[in-house]
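Enquirer:
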Amino acid sequence: MQAFIVEATPLASPGGACDASASTHSRLAPHRHQQRDFFVADILDASPKDDVASMEHPLFALRAGDRRVRVYERNGTTVTVKPGIDGCATIHDKDLWIYCISQLVEAKNRGREIARTVRFTAYDFLHTTNRDASGRAYIRMGEMLARLTGTRIETNIETAGKRERGFFGLIDSAKVVERDGDNRMVAVEVTLPDWLFRSVDAMHVLTLSPDYFRLRKPLDRRIYELARKHCGRQPTWKPSIATLHEKSGSADKLFKFRAAIKALAASGELPDYRMAYDPKADAVAFYANGPKGYRAEIAAIVKGLPPTSAKARENACVRKRGGPRCP
Numbered sequence: 042m043q044a045f046i047v048e049a050t051p052l053a054s055p056g057g058a059c060d061a062s063a064s065t066h067s068r069l070a071p072h073r074h075q076q077r078d079f080f081v082a083d084i085l086d087a088s089p090k091d092d093v094a095s096m097e098h099p100l101f102a103l104r105a106g107d108r109r110v111r112v113y114e115r116n117g118t119t120v121t122v123k124p125g126i127d128g129c130a131t132i133h134d135k136d137l138w139i140y141c142i143s144q145l146v147e148a149k150n151r152g153r154e155i156a157r158t159v160r161f162t163a164y165d166f167l168h169t170t171n172r173d174a175s176g177r178a179y180i181r182m183g184e185m186l187a188r189l190t191g192t193r194i195e196t197n198i199e200t201a202g203k204r205e206r207g208f209f210g211l212i213d214s215a216k217v218v219e220r221d222g223d224n225r226m227v228a229v230e231v232t233l234p235d236w237l238f239r240s241v242d243a244m245h246v247l248t249l250s251p252d253y254f255r256l257r258k259p260l261d262r263r264i265y266e267l268a269r270k271h272c273g274r275q276p277t278w279k280p281s282i283a284t285l286h287e288k289s290g291s292a293d294k295l296f297k298f299r300a301a302i303k304a305l306a307a308s309g310e311l312p313d314y315r316m317a318y319d320p321k322a323d324a325v326a327f328y329a330n331g332p333k334g335y336r337a338e339i340a341a342i343v344k345g346l347p348p349t350s351a352k353a354r355e356n357a358c359v360r361k362r363g364g365p366r367c368p
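Counting from 1, position 263 in the sequence shown corresponds to residue 304 in the working numbering; the numbering is continuous, with no gaps.
1) Spatial neighbours of Gly-309 within its chain, please: C-beta separation below 6 Å, excluding the five flanking residues on both sides.
2) Jot down the residue ranges of each uninterrupted beta strand (DSSP E) in the region 226 to 259, minimum 3 residues, whole runs only, in chain order.
3) Quick check: Pro-89 and Leu-249, are their CB atoms within less than 8 Å of each other?
4) Do you know how far the Cα of Leu-311 is from the Cα of Glu-369?
5) So for Lys-90, helix, strand or coil by DSSP?
6) Around the Cβ of Gly-290, are there at least 16 other Cβ atoms within 10 angstroms (buried) or fewer (exposed)?
7) Can you confirm whether the region 158 to 177 touches the region 215 to 230 when touching is taken to mean that 3 or more C-beta pairs between the two stretches lie within less than 8 Å?
8) Count the other C-beta atoms from every protein chain shown that fall within 10 angstroms of the C-beta of Glu-114, then say buried if there are 16 or more, exposed otherwise.
9) Mind listing, in chain order, the continuous alpha helix (DSSP H) runs of no fewer than 4 residues lying wholly within the region 270 to 326?
10) Where do the ends of the alpha helix (DSSP H) carrying Arg-177 lie?
11) I'd like to know if the region 275 to 286 and the region 317 to 326 are in contact, where contact means that at least 3 CB-CB pairs between them fall below 8 Å.
12) If you draw a straight line from the C-alpha of Asp-107 to the C-alpha of Arg-188, how long is it?
13) From Val-93 to Val-218, what does the alpha carbon distance come to, in whole angstroms?
14) Measuring only the C-alpha atoms, how far is Arg-225 from Phe-80?
15) Can you tell me whether Pro-259 is buried or exposed, with buried defined as 16 or more other CB within 10 angstroms of its CB?
16) When you compare the CB positions of Val-246 and Thr-196, do they come within less than 8 Å of one another, or not?
17) Here's the rule I'm using: 16 or more other beta-carbon atoms within 10 Å means buried, otherwise exposed. How should Leu-137 be labelled?
18) Using the C-alpha atoms, what's the distance from Val-241 back to His-271?
19) For Val-146, count neighbouring Cβ atoms within 10 angstroms of its own Cβ and tell me buried if that reaches 16, exposed if not.
20) How many whole angstroms separate the CB atoms of Thr-192 and Ala-130, which I take to be in contact at a CB cut-off of 8 Å?
21) Could you spell out where the alpha helix (DSSP H) holding Phe-166 opens and where it closes?
22) Taking its Cβ as the centre, do 16 or more other Cβ atoms sit within 10 Å of Ser-143, making it buried, or is it exposed?
23) Contact criterion: CB-CB distance below 8 Å. Does Val-146 meet it with respect to chain B?
24) In chain order, what residues of the same chain lie with their CB nearer than 6 Å to the CB of Gly-152, ignoring the 5 residues before and after it?
25) Quick one: what's got a C-beta closer than 6 Å to Ala-268's C-beta in the same chain, skipping five residues either side?
This is the structure in structure tokens:
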């Protein structure tokens, strides 16, 4: 969306000269709210949203300081991730994407104009994503912006029905618009890559649990993304451990990854889903919380498959008013 300014031209007198009084006392009030070429993120109750393409493919590192060139290929999609001098952007850095996507989608739902460049306050970002808001948090936020702009992606991911090979940063640019008296960033402006904005504009997004930002471990966040993507319209999903390992982008050996998945399943702390590890198939079943997910789990148990942990069922039954009915 391009900014534009309409200027009033002085009225001409019948003799062709400009009327001085018209130029001095215009009937038009001055423009007080010029159309901007950026979107102001000012919605306080936007539900967390994520774009479908990045939920499917491991664009973000699961380990801080990861400087490997990572290559991922699956079903015709290729993703190459190259770190910048500050290392690869991590899945915790993706919070900035989710924050911007959430604001843009909610604004679009309300009929507002949206743009690739998003301006927001640092405090609102920290508050919304459940982060510490101390002075050190603003320094870490600057480091996050450096990783997001420095990490380069080469991919042929399809968004909004369009597949093309592109080379881009996870954000095109970032700048601090204002600083307070302590030289801490107050307002920040970031420009999202075109393919991501195209995906958001086409509403290729999914709503995340508000508890997503409470997940501490990078792998837990990535597993939640995959469960949300694949259980979006079905009550259960059962990938093999090898497939889940590949989709997650984890750099751990398979045996260590398997142990982490079993621990997550036993904890019952994955938002919206329950997990059950099947040792015979070396696979993990995800069940959506809610009646359909419970029926799918019961059907699996009848077939002799392992149930989800008691802790998972207990957590799923801690209902809010109007929440899912427990079996």
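Idealized CB from N, CA, C, for every residue including glycine.
Expert: With the given structure in hand:
1) Ser-350, Lys-352, Ala-353 and Asn-356
2) 226 to 232 and 246 to 248
3) yes
4) Past the edges of the chain, shown from 42 to 368, lies residue 369, and the structure says nothing about it.
5) strand
6) buried
7) yes
8) exposed
9) 282 to 289 and 295 to 308
10) 176 to 191
11) yes
12) 11 Å
13) 30 Å
14) 22 Å
15) buried
16) no
17) buried
18) 19 Å
19) buried
20) 4 Å
21) 163 to 169
22) buried
23) Included in the structure is just one protein chain, with no chain B present.
24) none
25) Tyr-314 and Phe-327
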